[in-house]
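My numbering puts the first residue of the sequence shown at 13, with every later residue one more than the last.
A virtual CB, placed ideally from N, CA and C, is assigned to each residue, including glycine.
Please read these numbers as outputs of a predicted model, since none were measured by experiment.
Worksheet: the structure to be examined is printed underneath.
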Amino acid sequence: MLIKLMLGLLEFKKKPFIGMRDLFEQLSTGQNPETLFITCSDSRIVPSLITQAAPGDLFSIRNIGNIIPPYPSSYSETGAIEYALKVLEIKDIIICGHSNCGAMKGLLTPHIEEHLPAVASWLNHSQAVLQEMHEERMTETNALTRELEIATKKNILLQMEHLKTYPLVIEKTTHKELTIHGWYYELETGQVFIYEPDLKEFINLEYALDRALESRKNKIVSGLCMNYLQQKIPLKSEKEYHQLIELITNLKDNILSIWEFIREPAKQQLWKELGGFYASPEDEEFIAMVESSTSLKLTELEEFRKKVTFTNNNTATSLLLNSSIFKKPTKDIGKPNADPVISGDARVALSGDRNS
13 MLIKLMLGLL
23 EFKKKPFIGM
33 RDLFEQLSTG
43 QNPETLFITC
53 SDSRIVPSLI
63 TQAAPGDLFS
73 IRNIGNIIPP
83 YPSSYSETGA
93 IEYALKVLEI
103 KDIIICGHSN
113 CGAMKGLLTP
123 HIEEHLPAVA
133 SWLNHSQAVL
143 QEMHEERMTE
153 TNALTRELEI
163 ATKKNILLQM
173 EHLKTYPLVI
183 EKTTHKELTI
193 HGWYYELETG
203 QVFIYEPDLK
213 EFINLEYALD
223 RALESRKNKI
233 VSGLCMNYLQ
243 QKIPLKSEKE
253 YHQLIELITN
263 LKDNILSIWE
273 FIREPAKQQL
283 WKELGGFYAS
293 PEDEEFIAMV
303 ESSTSLKLTE
313 LEEFRKKVTF
323 TNNNTATSLL
333 LNSSIFKKPT
343 KDIGKPNADP
353 VISGDARVAL
363 SGDRNS
């Protein structure tokens, strides 16, 4: 086998490496992956093969059972997670389990510590799965096969929860800078099932892809809409304030009222990121996907409205303070009782504050 691997190295230098020389020269200066791929050490799992990822796309952690010990931990997985999040600034973490997993078989095997004590010790990080399995023992004829699949999927979910005990993960997920995913890879069919938190189940790849595309589309269009609104502040008058509040009210159920300003940049950005799924920018299905964005509800709208009100009040307060209403006026020589003068802008701001 060793000679076969060495021959493989020679073959790699002759063909694949030459074809990818530019990529490897670029990677020689550093890596910039966006995904941390956590999977099993099983020889049948090849992350770059099943995802068709190129060198430099995936930062990987592999161990038996794709296990992540909960924080705090002195295991190497902790260091890899820290490096991935702090240095590489990973955007997605995937925990990928697989069918017929030997680690999960070991977890379900009584007294495994008598034969494989080190393995048994490592599998203690999945004991919660075993406890759940004891409560859900299967009775049908294919009980063992189903039990193994269920244990593997439960283990994926458990390790996702373990990840959420890490302070860096908590921080980045809170700020929506990181997303955690659970995958179940079926060796015998090549199918991958994706865990959908909203449905609380693993769904097939095609359905998951549709949901992911919809989610990405909404995020892109929502960002463009919020940028459009952001450009309208700071406000300069009471009239502008009321116009913006009216616009926000009109955007409560959909974005039709600003779609004419958003359509073209949305089309360009959606094609840039999702164009690979369509024939051309004029593809009827692509156009339909773009136009379906008009029904989008902006989840950040209420927070933005509060910001607009706050900005307006701050403007009013600042102008009022500067107009000397709330501070001792400077006495001019010869005018000991000079009345403070309220500027026109301050009156506008004050009026806007009363009506906000």
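Mind checking whether P82 and T177 have CB atoms under 7 angstroms apart? Taking the sequence shown and counting its residues from 1, one reaches residue 82 at position 70. Taking the sequence shown and counting its residues from 1, one reaches residue 177 at position 165. Against a cut-off of 7 angstroms, the Cβ pair of T177 and P82 comes out as a contact.
So, at 7 angstroms on beta carbons, what are the nonlocal neighbours of A220 in its own chain, with the 5 sequence-adjacent residues on each side left out? Looking up residue 220 in the sequence shown gives position 208. Closer than 7 angstroms at the Cβ level, and outside the excluded window around A220, lie I206 and E208.
Is it the case that the Cβ atoms of I76 and E89 are separated by a distance below 7 angstroms? The residue labelled residue 76 in the question sits at position 64 within the sequence shown. The residue labelled residue 89 in the question sits at position 77 within the sequence shown. No. Outside cutoff.
Three or more beta-carbon pairs under 8 angstroms between the region 92-111 and the region 131-147, yes or no? no
Does the region 231-240 come within contact of the region 299-312, defined as at least 3 CB pairs closer than 8 angstroms? yes
Within this structure, are the beta carbons of T164 and M116 separated by less than 7 angstroms? For this step, residue 164 is matched to residue 152 along the sequence shown. For this step, residue 116 is matched to residue 104 along the sequence shown. Between T164 and M116, the C-beta gap is smaller than 7 angstroms, which places the two residues in contact.
H123, enclosing alpha helix (DSSP H) - first and last residue: Start at 1 with the first residue of the sequence shown, and residue 123 comes out as number 111. Taken as a continuous stretch (DSSP letters only), H123 belongs to no alpha helix (DSSP H), as it is neither H nor E.
When you compare only the Cα positions, how much space is there between L175 and V181? Residue mapping note: residue 175 aligns to position 163 of the sequence shown, counting from 1. Residue mapping note: residue 181 aligns to position 169 of the sequence shown, counting from 1. In this model, L175 and V181 are separated by some 7 angstroms (Cα to Cα).
Could you tell me if Q143 is buried or exposed, where buried requires 16 or more neighbouring beta carbons within 10 angstroms of its beta carbon? On the sequence shown, residue 143 is found 131 positions in, with the first residue counted as 1. Classification of Q143: exposed, given that the 10 Å Cβ count is below 16.
Pull up the DSSP beta-bridge partners for F49, would you. Locating residue 49 in the sequence shown gives position 37, counting from the first residue. S72 and I106, per the DSSP bridge assignment.
Where do the ends of the beta strand (DSSP E) carrying N239 lie? What you label residue 239 is simply residue 227 of the sequence shown in a count that begins at 1. Premise fails: N239 lies in the alpha helix (DSSP H), L217 to Q242, not in any beta strand (DSSP E).
Exposed or buried, what is M18 when buried is set at 16 or more other beta-carbons lying within 10 Å of its beta-carbon? Within the sequence shown, numbered from 1, the residue matching residue 18 stands at position 6. Counting Cβ neighbours within 10 Å, M18 comes out exposed, since fewer than 16 surround it.
At the level of alpha carbons, what is the spacing between H187 and G91? One-based indexing of the sequence shown puts residue 187 at position 175. One-based indexing of the sequence shown puts residue 91 at position 79. Computed Cα separation, rounded: 22 angstroms.
Enumerate in chain order the residues of its own chain whose CB-to-CB distance from R228 is below 8 angstroms, with the five nearest sequence positions on each side excluded. Your numbering for residue 228 matches position 216 in the sequence shown. Once the five neighbours on either side are set aside, the close Cβ partners of R228 are E285 and L286.
Secondary structure at L21, three-state DSSP: helix, strand or coil? Along the sequence shown, one-based indexing puts residue 21 at 9. Helix at L21.
In the structure shown, what three-state DSSP assignment does V99 receive? Position 87 of the sequence shown, counted from the first residue, corresponds to residue 99. Three-state result, V99: coil.
Which residue or residues does DSSP assign as beta-bridge partners of G202? As a working note, residue 202 is residue 190 in the sequence shown. DSSP output for G202 lists no bridge partner at all.
If the criterion is Cβ atoms closer than 7 angstroms, does the pair C113 and Y197 meet it? The count along the sequence shown starts at 1 and reaches residue 113 at position 101. The count along the sequence shown starts at 1 and reaches residue 197 at position 185. Cβ distance not < 7 angstroms, so C113 and Y197 don't count as in contact.
Whole-angstrom distance between T311 and K347, CA atom to CA atom: Indexing the sequence shown from 1 puts residue 347 at position 335. Indexing the sequence shown from 1 puts residue 311 at position 299. Low local confidence applies: a pLDDT of 45 at K347 is under 50, so the model's placement there is unreliable, and no value is given.
For L190, collect the residues of the same chain with a Cβ closer than 6 angstroms to its Cβ; drop the 5 residues on either side in sequence, then sort them by chain order. Residue numbering aside, residue 190 sits at position 178 when the sequence shown is read from its first letter. Around L190: K184.
Report yes or no: do three or more beta-carbon pairs, one from the region 60-76 and one from the region 35-46, lie closer than 8 angstroms? yes
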